[in-house]
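First residue of the sequence shown: 0, per numbering that gives the first Met the number 0; consecutive thereafter.
Note sheet for the following structure.
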Amino acid sequence: MIYHVLPGDAVAGIFKEAEINGEMIVCREVFVTGPIDAATPLEFWDERAKFILSEYGEDEIVYHETVADELTRLADMTEDDEVYLWFEYELFCSVNMWCCLSLLNHTSATVYRVEPIGLEVDNRWDGFGKFEADDLKACFEMRTKLSSEDVALGATLWQAYRHKDFDQLKELSKNATDAFPYLSEVAAAAILQDSEPLAVVRAITSGGETDFGKIFAEFKKRAGVYGYGDLQVERLLDQIGS
Numbered sequence: 000m001i002y003h004v005l006p007g008d009a010v011a012g013i014f015k016e017a018e019i020n021g022e023m024i025v026c027r028e029v030f031v032t033g034p035i036d037a038a039t040p041l042e043f044w045d046e047r048a049k050f051i052l053s054e055y056g057e058d059e060i061v062y063h064e065t066v067a068d069e070l071t072r073l074a075d076m077t078e079d080d081e082v083y084l085w086f087e088y089e090l091f092c093s094v095n096m097w098c099c100l101s102l103l104n105h106t107s108a109t110v111y112r113v114e115p116i117g118l119e120v121d122n123r124w125d126g127f128g129k130f131e132a133d134d135l136k137a138c139f140e141m142r143t144k145l146s147s148e149d150v151a152l153g154a155t156l157w158q159a160y161r162h163k164d165f166d167q168l169k170e171l172s173k174n175a176t177d178a179f180p181y182l183s184e185v186a187a188a189a190i191l192q193d194s195e196p197l198a199v200v201r202a203i204t205s206g207g208e209t210d211f212g213k214i215f216a217e218f219k220k221r222a223g224v225y226g227y228g229d230l231q232v233e234r235l236l237d238q239i240g241s
């Protein structure tokens, strides 16, 4: 079987138009925020369900059915399966991809990365946002096959990130390959995640700016490596105001 792990429903919609062969698994998670350090897989998914409920109002049962159960399918892949990971470069997507690689690490599936090719360096954090069906087809044609070492590296990055092992993250970031472009920048951002995004929002609002659209656009310009969406930036603003 062929499986395509897509970074959200927006890309999934365009992917359907591209008519690329294979079954979709949509990654609807936000592992870049909330608890990810549970001792067991059961506790992990239960804690994520509670967090998503508190942050987004998503019912816990619906979370398990549409998010957790989708992703855990990756751990059951066989040597007859091909898995294509459609993830962007920034921390948000990188962490989600690392988790997927952790689930795939002990399988015999053939794994590929499909990335948003053709972006200018200044726009490297924008991802698939403006891509159309033909663009996705071109990305698929330029896919990168991951070695077992690449998959293992992704799994190790996930463990280092979820345990906040910044020394290991820094060491692992030296292993940037075609499978992990911009890894050093992403790892550096992860190490500063508890302070840098908040500092950026403080700097933006220090002059009195209150328009959220302008704040968000400026945050993306200054800290696009984090890949934060509206809700994550809103939470940072809440921290400043509290």
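Every residue gets a Cβ at the ideal spot worked out from N, C-alpha and C, and that includes glycine.
In the structure shown, E54 falls within a helical segment according to DSSP collapsed to helix, strand and coil.
DSSP places V224 within a helical segment (H, G or I) once states are collapsed to three. Looking from the CA of I1, the closest CA among R234, I35, A189 and I19 belongs to I19. Collapsing the DSSP output to three states places H63 in a helix. Its chain contains A222, Y225, Y227 and L235 as the residues whose beta carbon lies nearer than 7 Å to that of P196, once the 5 sequence neighbours on both sides are disregarded; these appear in chain order. In this structure A132 touches I13 by the C-beta definition: roughly 6 Å separates them, less than 8 Å.
DSSP places T155 in the uninterrupted alpha helix (DSSP H) bounded by S147 to R161. Here W85 carries a strand assignment [DSSP, helix/strand/coil]. Between the C-alpha atoms of P180 and E119 there is a straight-line separation of about 14 Å. Separation of P6 and L156 (C-alpha to C-alpha, rounded to the nearest whole angstrom) is 18 Å. Judged by beta-carbon spacing, E81 lies beyond the 8 Å limit of A48, meaning their Cβ atoms are not closer than that value. For R112, there is no enclosing alpha helix (DSSP H); the residue is found in the beta strand (DSSP E) stretching over T109 to V113. The beta carbon of E69 is closer than 6 Å to those of I24 in its chain, skipping five residues each way along the sequence.
Per DSSP, reduced to three states, the secondary structure at E28 is coil, with no helix or strand assignment. Look at E78 here: in three-state DSSP terms it is coil, with no helix or strand label. Judged by beta-carbon spacing, V110 lies within the 8 Å limit of V150, meaning their Cβ atoms are closer than that value. In the displayed model, L118 falls within coil according to three-state DSSP, outside both helix and strand. Taking all protein chains in view, the Cβ of L41 is surrounded by fewer than 16 other Cβ atoms within 10 Å, so the residue is classified as exposed. Across the set K129, E233 and Q192, the C-alpha of E233 shows the shortest separation from the C-alpha of D210. Under the three-state reduction of DSSP output, I19 falls in the coil class, being neither helix nor strand. Only residues of its own chain outside the window of five on either side were considered, and among them F30 and W157 have a CB closer than 7 Å to the CB of C98, listed in chain order. In the DSSP assignment, L100 falls within the alpha helix (DSSP H) that extends over L90 to L103. Annotation for L73: no beta strand (DSSP E) segment contains it, and DSSP assigns it neither H nor E. Note that the C-beta distance between I203 and E184 is not below 8 Å.
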